[in-house]
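These notes concern the structure reproduced below.
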Amino acid sequence: MSTALTPDVEAAPVPPNAPSLDTPDVIRRQRLGLLLRSPSFVIGAVILIFWIVMAIAGPFIAPYGSNDTDLLNTLTPPSGDHWFGTDQYGRDVLSRVIVGSRDILIVAPLATLLGTIVGTFLGLLTGYARGLTDDVVSRIMEAFLALPLLIIAMLVITALGISNTTVIIVIGLSFGLVIARTVRAAVLSERDLDYVAAANLRGENPLYIMTVEILPNVLPPILVEATVRLGYAIFTVASLSFLGLGIQPPSSDWGLAISQNYGLIGGGYWWTVLFDALAIGSLVVGVNLAAEGIHGVVDA
Amino acid sequence: MRFAQALAYRLLLAVITLVLLSIIVFAGCQVLPGDVGRAILGPLADARAVAVLNHQLGVDQPLLLQYWHWVSGMVQGNMGMSYTYRAPVGPFIGHALVNSLKLAGVAFVFVVPLGILGGVVAALRLGTWIDRAIVLSGLSATVVPEFVSGIVLIMVFSIWLHVFPLTATAPNSAGGLTQLYYLLMPAIPLFMIIFGYIARMARAGMVEALASDYTRTAVLKGLTYRQVIWRHVLRNALLPTITVVAVQSGYLIGGLVVVETLFNYHGIGGLIFAAAKAKDFPMLAAGILVIGLTYIVANLVADMLYSALNPRISFGRRE
């Protein structure tokens, strides 16, 4: 942009082959500092940490057992005893919302992790090998991506049966395809650089070059992609649970709770679904704010 | 490459994608369930009954043969027989598709202009609180699942304020305006998801165009602000947005499953979901294939539209 008008004075004095002053450690510390000054990251991280604490310590924090029924006090509106009211079995909604964070915070991150591993592997392979491997894998990816994730998940879960494992595998593999595209693009721009040529000349094998040489250099975009995917994973797991194809009873999962109770809002029992809806909303917005913050720092 | 050549090449790619897609759908609906008859009749059914059903459905034939029958039927417009209704799948899909297009249409009519407007305003007020508000609300709206925003909308507008009906399905005799009224609230969750994407894309395009040399030239040669924005910036800035609109049209259908379930609406999403629950594989396969086809066609159209509108991609006509 402004390169033609102002010479790059800062870069000029450093000879091209002088050792850089910014060791990976320094860069890492600088990035961490930038992250902590990014308001969207801090707000997102606080929300996320809040829910992680709830997921781990939920049963100790919750005022009642999440599955304790009280059939004399069903569908009572929010009060001093039950801040969020009770559901149709007299279960305390506040306790259920607190403990309900657990399953989605296990399933969604595991799916994201699986997707990141698969995607990194596929992306390294297609980007490094190019040629026929690349063409074939890219076509198949394209065909998969022509279907919305929710539809693919519905198809596979219907065929294989409902379980958390199926949900993790189907979301993970689908994410793998999406992440592979990002990784592939990053690998393509790395593979023609000198350090890869040097490794080739040393006679390193392709696997070594891919994992030891190229992988560390494409980690930042992978990290950004993974955080964005985590948001989608939560979105999708919640939607599947709402459709009855995700997390199953007796879990007090939020999406599941909404699917079980949304018929009740016609009768005015709004508290049986509103707090679950707000919980999902806050979690996805929190994760995406954090992802946005990380994206901004890694790109800068 | 000439325009016709480019078109032919992209059509070829689209057809390859479609063939792969059909294999994926076939695998999902015929191979993954394993024993189809067992899946329909349940674990307690008599083995002979399962075998008879499998024979009736034709799923005891070799897979390749089954695939061939299925695909050739699809190409001829024969989508197979529904297990649930014991009737041809085609009319169900057609009817549901029309309903879904109405719902999606309502969402699109509002979201495309408003999304672009949001992005343009944000870019013109770059860095101000208006910009931040649009970006943040766009981001938040995009990431919240449709059923979450839908639940909140139902609570506020149907239960507390009594402004909108609880369902998206208008009474049978309802005219166009009444139908529109029933579709307004269900369209909002879809609107929210897409708004952020379009606004973000439009904003990025605007920011880039505003910083470009041709904009500086236009300003320096003395054009008014209005002329610069309308004649030079907007045209270039909004091109990438076309692609986003097309991609979102495919994505939208995933959202339709949830929205149509929540608002009890008989569209393609609701139909697929019902088919999935009932293990009605022919209906499921046909519905999913139609969705994939919609997405592929939308992308193809966007691709061509983008090329046609972008003077820099000229297919060599000006050589």
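Chains as they are written, first to last, in the numbering used here: chain A, 1 to 300; chain B, 301 to 619. Beta carbons: idealized from backbone N, C-alpha and C, even for Gly. In this text, all values refer to a predicted model and were calculated from it rather than measured experimentally.
Query, Result
"Short Cβ contact (8 Å threshold) for A:Ala277 with A:Ile258", "yes"
"Reduced DSSP secondary structure (H/G/I, E/B, other) of A:Asp92", "strand"
"A:Gly231 vs A:Arg191 beta-carbon contact at 8 Å", "no"
"CB contact flag (A:Ile179, A:Arg139, <8 Å)", "no"
"B:Thr478 versus B:Ala470 - alpha carbon distance", "7 Å"
"For A:Pro249, the three-state DSSP class (helix, strand or coil)", "coil"
"Straight-line gap, A:Met1 to B:Met506 (C-alpha atoms, nearest Å)", "Low local confidence applies: a pLDDT of 39 at A:Met1 is under 50, so the model's placement there is unreliable, with the coordinate-based value given in what follows. Approximately 16 Å, taken between the alpha carbons."
"Rounded straight-line distance, which links the Cα of B:Ala509 to that of A:Phe310", "Residue 310 of chain A is absent from the model: chain A starts at 1 and stops at 300."
"B:Ile591: CB within 7 Å of a non-hydrogen atom of the ligand NAP", "Inclusion of the ligand NAP in the displayed structure is not the case, the ligand content being empty and no account of it being possible."
"Span of the alpha helix (DSSP H) around A:Asn73", "Note, A:Asn73: premise wrong, no alpha helix (DSSP H); not H, not E."
"Within chain B, partners of A:Ile280 - CB distance below 7 Å", "Pro445, Val448"
"Where B:Met379 sits in the DSSP three-state scheme", "coil"
"Cβ-based burial, B:Arg503 [other Cβ within 10 Å; buried from 16]", "buried"
"Contact set between A:Thr86 and chain B, taken where Cβ atoms lie within less than 8 Å", "Within chain B, no residue comes near A:Thr86; the closest Cβ sits about 18 Å away, beyond 8 Å."
"Of the listed residues B:Leu364, B:Asn472, B:Tyr525, nearest to B:Ile327 (C-alpha basis)", "Checking the sequence shown, residue 327 of chain B turns out to be Ala, not Ile. Taking only the C-alpha atoms, the option nearest B:Ala327 is B:Leu364."
"Simplified DSSP state of B:Thr293, which is helix, strand or coil", "In the structure displayed, chain B extends from 301 to 619; residue 293 of chain B sits before or after that span and is not available."
"Contacting residues, own chain, Cβ-Cβ under 7 Å from A:Leu188 (five flanking each side not counted)", "Gly127"
"Chain A contact residues for B:Ala306, given Cβ-Cβ distances below 9 Å", "Within chain A, no residue comes near B:Ala306; the closest Cβ sits about 18 Å away, beyond 9 Å."
"Contact list for A:Arg139 against chain B, beta-carbon separation under 9 Å", "Leu313, Ile316, Thr317, Leu320"
"Three-way DSSP call (helix, strand, coil) for B:Thr428 in this model", "coil"
"Short-range partners of chain A found in the stretch 531-558 of chain B, where Cβ spacing is below 7 Å", "Gly550, Tyr551, Ile553, Gly554, Val557, Val558"
"Nearest-angstrom Cα separation, counted from A:Ala108 out to A:Phe84", "26 Å"
"From B:Asn378, B:Phe392, B:Gly377, residue whose alpha carbon lies closest to that of B:Thr384", "B:Phe392"
"is_contact[A:Leu105, chain B] using C-beta, thresh 8 Å", "no"
"A:Val284 beta carbon less than 8 Å from that of A:Ser38", "no"
"B:Thr561, buried or exposed, once every other Cβ within 10 Å from all chains shown has been counted against 16", "buried"
"Nearest-angstrom Cα separation, counted from A:Asn67 out to B:Tyr309", "59 Å"
"Per-residue DSSP class, three states only, for A:Thr211", "helix"
"Segment contact, 8 Å Cβ cut-off, at least three pairs: the stretch 579-599 of chain B with the stretch 419-431 of chain B", "no"
"Start-end ranges of the alpha helix (DSSP H) lying completely within the stretch 130-210 of chain A, minimum 4 residues", "131-145, 149-160, 164-190, 194-202"
"Contact under 8 Å by Cβ, A:Val99 with A:Gly58", "yes"
"Pairwise C-alpha distance: A:Val136 and A:Thr272", "49 Å"
"8 Å Cβ cutoff met for B:Phe620 and B:Phe464", "Past the boundaries of the shown model lies residue 620 of chain B; chain B is included only from 301 to 619, so the question cannot be answered."
"B:Val315 versus B:Val456 - alpha carbon distance", "46 Å"
"Close Cβ partners of A:Met210 (< 6 Å) along its chain, the five nearest in sequence each way excluded", "Leu124, Tyr128"
"Sheet register partners of B:Thr543 (DSSP bridge)", "None; B:Thr543 has no bridge partner."
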